[in-house]
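Straight run, no breaks: the sequence shown in my numbering ends on number 736. The beta carbon of each residue, even a glycine, is placed where N, CA and C say it ideally should be. Note that the coordinates shown come from a computational prediction; the quantities given were computed from them, not determined experimentally. Inspection log for the structure reproduced underneath, given as C-alpha cells.
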Amino acid sequence: MKKLLALLVALVMVSGMAAAIAETKNIGFYADNVDSYYAATTDVLKALAEADPDIDWTIDVVTGTGSAAEQLNAVQNFITSGYDAIAVIQNNVETTSECIQMAKDAGIPYFGMTHSFASAQNALDAAAFIGYDFVKEGYYAGVDAFAWGAKKVVNIEGVLGQGSAGAQSLGFIKGYVDGGADLGSWASAEEWATQKNSGMAGGPGLELYWTSGGWMKDSAKTAMTNIITELGPTGFDGVYAQNNPMMEGVIEAMEEAGLDTGDYWLGSGNGREISWQWVKDGVIDADVNQSALLEGDALYQVLKSYFAGETYRKYFHPALNFYNSANIEEMWDSLVPFTDVEAYMAKREAGTVVYDINNTEFYLDAVDFMK
C-alpha cells in the first residue's frame, strides 16, 4: 500500500512538473532598417523573455535595408517557417496591409510596432499596435520653439513622407498654430505638413526649410552642412531634428561651421540618454523622452497575454515625457532609459518605471485605430 501511495505521489509530481514546463513559442521580428531605436526594442524584449521563468520564447530578428520588398519577404518567410507570432516595424502602410492579410490567412497573429498603420483598411486585423503618438511629440517641440521665438526653422524629417516623420512635422506646426502663428498662404497645419515647400518659406509666424536625414547622424550632418552654406548663419534661427542621431549630426555641422548652438533653438525627439545631458548643458533646448525600451516591454506583455489566451490592450501609445532647459532638473529622475537595457531593468525592478500597459494614465489608446 505504501509503495502504491508513493508511486501515485511520484506520478502527481511528475505530472505537475510537466505542466509547469513552458510551451516553446517562436517569434519572428522584422525591423525595416538598421536603427539603434529598433535594436533597443528587441534587446529589451529578449531580456524580459530570458528573465521570465514562466515562458520559453525563441525570438528571431531580421533586419532590412529600408525596402518594402524585404518586409514582404520576411513576413512570408516567418509564415512559411511556422512562427507562432510575427512582430514588424514597418516600411510603409500599404505593405503592412498586405502583410496583415498574409498573416491572417495563415492564422498567425501580426503585431505592428513603432509606426502607425491605422489608415490601412484591415488595420484592426492586426493583433496589436504599439507605438508613440508622434503628432503629440512634434507638438511639444513646436510649442517650445514658438515660446523661444524661432521663426525660421530647419525641419529635418527622418524620411520625407514617412508616417511617423510626417506626424512629427504636423504636430510641430500645430504647436505654432495653437500659439497664434500666421502660416501665410497655408490653409492649415495638415496641408503644410503634407505638401511641404522648397527652400525656407512659409508665413510671418513660421517659415520652414524641409529636408531629410534618414534618421541617421551622417546624413543629417551632410544635410545641415549644406543648409548652413545655402542659408548662411542668419538664414535660420532654429532646427528641429526628429531624432537624436540626426541631432548629433546637426550639432557637429553647426560646431564645425563655427556656430554656437546656444544662439539657435534646437529641438529633437527620442529623449535618449545623451540628450538628457545636452539639455542640461544648454547644447539643445528641448526633447521628448520616448524610450524604445517601453515599446519592447509593452510587446513582451502583449505577447505573454496573447499566448496565455488572456484579453489585452491592443492599440495604444506609451506616454511621452517632455523636457526642456526649464524643467530638466526636476524631470531627470523620471526619464526612462532609452538604450541602456540594464539601467531600464533596474528601474523596472525598483518600480520607478511605469511599465504596466494596463495603466491608462501612462498608456493611452491609439484613437486612430478606434475610428
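DSSP places residue 621 in the helix class (H, G or I) of the three-state scheme.
The region 669 to 685 makes no contact with the region 643 to 650; the number of CB pairs closer than 8 angstroms stays below 3. Under the DSSP assignment, residue 730 falls outside any alpha helix (DSSP H), being part of the beta strand (DSSP E) whose first and last residues are 728 to 730. The three-state secondary structure of residue 392, taken from DSSP, is strand. With fewer than 16 other CB atoms across the displayed protein chains lying within 10 angstroms of its CB, residue 697 is exposed.
In the DSSP assignment, residue 440 falls within the alpha helix (DSSP H) that extends over 433 to 445. Here residue 640 carries a helix assignment [DSSP, helix/strand/coil]. Note on geometry: alpha-carbon atoms of residue 569 and residue 729 lie some 35 angstroms from one another. Put simply, of 401, 636, 609, 389 the residue whose alpha carbon is nearest the alpha carbon of residue 450 is 389. Per the DSSP secondary-structure output, residue 521 pairs in a beta bridge with 576, 606. For residue 587, the closest alpha carbon among the candidates 563, 616, 572, 603 is that of 616. In its chain, beyond the 5 residues on either side, 482, 484, 485 have a beta carbon closer than 6 angstroms to the beta carbon of residue 458. Unbroken alpha helix (DSSP H) runs of no fewer than 4 residues, entirely contained in the region 396 to 437, are found at 401 to 416, following chain order.
Contact between residue 636 and residue 703 holds, since their C-beta atoms are separated by about 6 angstroms, short of 8 angstroms. When the beta-carbon positions are compared, residue 436 and residue 466 stay at least 8 angstroms from each other.
For residue 513, the enclosing alpha helix (DSSP H) covers residues 499 to 513. Note that the C-beta distance between residue 493 and residue 679 is below 8 angstroms. DSSP places residue 684 in the coil class of the three-state scheme, outside both helix and strand. Excluding its 5 nearest sequence neighbours in each direction, residue 557 has C-beta neighbours in its own chain below 7 angstroms: 538, 548, 551, listed in chain order. Here residue 406 is buried, its C-beta having at least 16 other C-beta atoms within 10 Å. With fewer than 16 other Cβ atoms from the protein chains shown falling within 10 Å of its own Cβ, residue 642 counts as exposed. Note on geometry: alpha-carbon atoms of residue 419 and residue 613 lie some 41 angstroms from one another. Under the DSSP assignment, residue 467 falls outside any beta strand (DSSP E), being part of the alpha helix (DSSP H) whose first and last residues are 458 to 471. The straight-line gap separating the alpha-carbon atoms of residue 732 and residue 487 is approximately 16 angstroms. If you draw a straight line from the Cα of residue 462 to the Cα of residue 627, it comes to about 44 angstroms. Our two residues, residue 409 and residue 561, have alpha carbons roughly 37 angstroms apart in a direct line.
Leaving aside the five residues that flank residue 719 on each side, the residues in its chain whose CB is nearer than 7 angstroms to its CB run, in chain order, 727.
Annotated three-state conformation of residue 632 is strand, per DSSP.
Of 592, 585, 517, the smallest CA-CA separation from residue 629 is found for 517. In this structure, the beta-carbon distance from residue 503 to residue 534 falls below 8 angstroms. Inclusion of residue 392 and residue 428 in the CB contact set at 8 angstroms is not warranted, their separation being larger than that value. Ranked by Cα distance from residue 658, the first of 479, 472, 735, 444 is 479.
Spanning the alpha carbons of residue 654 and residue 688 requires a straight line of approximately 8 angstroms. In terms of Cβ geometry, residue 554 and residue 590 do not form a close pair [threshold 8 angstroms].
Apart from the 5 residues on each side of it in sequence, residue 473 sits with its Cβ closer than 8 angstroms to the Cβ of 443, 444, 448, 449, 450, 451 in its chain, given in chain order. In this structure, the alpha-carbon of residue 565 lies about 27 angstroms from that of residue 640.
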